[in-house]
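Q: By numbering that gives the first Met the number 0, the letter at position 73 of the sequence shown is numbered 72, and the numbering carries on one by one without gaps. The beta-carbon is built from N, C-alpha and C at its ideal position, and this holds for glycine as well. In this text the structure is predicted, and so the values were computed from the model without any measurement.
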Amino acid sequence: MGRRFLLILATVVLVTAVAVWQRPPGGKAAETKARMLAAGPVPDVESVDPVAVFQRAFWKRPAEGDSILNAVRREWKDEGEISRWQWFLEVEPSPALVSYLREDNAFRLSEKKPPSIPGDAPKWFIKDPTGMHVMVARHGGMQLFFLPGNTKLYAMDRGGGFQAGEPEKEPAVPTSEPGKSRLPLSSPPQANR
């Protein structure tokens, strides 16, 4: 009985010590955990440069008639590399941008897939796409929401980061011994001219 009690007591003390040691300084553990549960981890980089977000979103510069009202791009990093990203845009589009996105369907989006607006979207982003023309990527990332008459465009996308490529392969080791190939090692004789 005494040995079991000491073992339980030692375990409780050890677990408590580890919990106290792992807690962030300043007693902000509960606040940090609550914020992470509510909105996910805080992004490592958040860009609100409208032209830069537009360019990374649509792979082109905004035209003269495109008016970017709001823009944000968020990036989360893991070991210095981007592990996840997302962006949101609110634009008064030019007819050229509407044509590029809707008629040309530059990103091969579907008009049949239902949209999904994430809970961590900015406050200015739409909450209910009812009555809007919606285009969604097959994998569910990019989503475009056009107000009737194409007077305003809300757009978003999200995805994973880039993965490191495979390491370079070692050069092939010759399997035959030098001098024992089928072809001669010297060039053929040259005719005198």
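Using three-state DSSP, classify residue 82 as helix, strand or coil.
A: strand
Q: I think residue 110 touches residue 131, with their Cβ atoms under 8 Å apart; what is that distance to the nearest whole Å?
A: Contact doesn't hold; Cβ gap of about 11 Å is too wide.
Q: CA-CA distance, residue 76 and residue 129?
A: Taking the straight line joining both Cα atoms gives about 34 Å.
Q: Pick from 62, 120, 112: whose alpha carbon is nearest that of residue 50?
A: It is 62 whose Cα lies nearest to the Cα of residue 50.
Q: Exposed or buried, what is residue 154 when buried is set at 16 or more other beta-carbons lying within 10 Å of its beta-carbon?
A: buried
Q: Does the Cβ-Cβ distance between residue 81 and residue 74 come in under 8 Å?
A: yes
Q: Hey, could you find the ends of the alpha helix (DSSP H) residue 97 is sitting in?
A: 94 to 97
Q: Just the C-alpha distance for residue 108 and residue 137, rounded to the nearest angstrom, thanks.
A: Roughly 7 Å between the two C-alpha positions.
Q: Answer yes or no: do residue 158 and residue 140 have a C-beta to C-beta separation smaller than 8 Å?
A: yes
Q: Could you give the distance in angstroms between the alpha-carbon of residue 95 and the alpha-carbon of residue 59?
A: 12 Å
Q: Rounded to whole angstroms, how far is the Cβ of residue 52 from the Cβ of residue 72, which I believe are closer than 8 Å?
A: 5 Å
Q: Specify, as a first and last residue, the run of the alpha helix (DSSP H) that residue 181 falls within.
A: Per DSSP, residue 181 belongs to no alpha helix (DSSP H) and is neither H nor E.
Q: Starting from residue 62, trace the beta strand (DSSP E) both ways and give me its first and last residue.
A: From DSSP, residue 62 is part of no beta strand (DSSP E); its letter is neither H nor E.
Q: So for residue 149, helix, strand or coil by DSSP?
A: helix
Q: Mapping DSSP to helix, strand and coil, what is residue 188?
A: Of the three classes helix, strand and coil, the one that applies to residue 188 here is coil, per DSSP.
Q: The beta strand (DSSP E) with residue 135 in it runs from where to where?
A: 132 to 135
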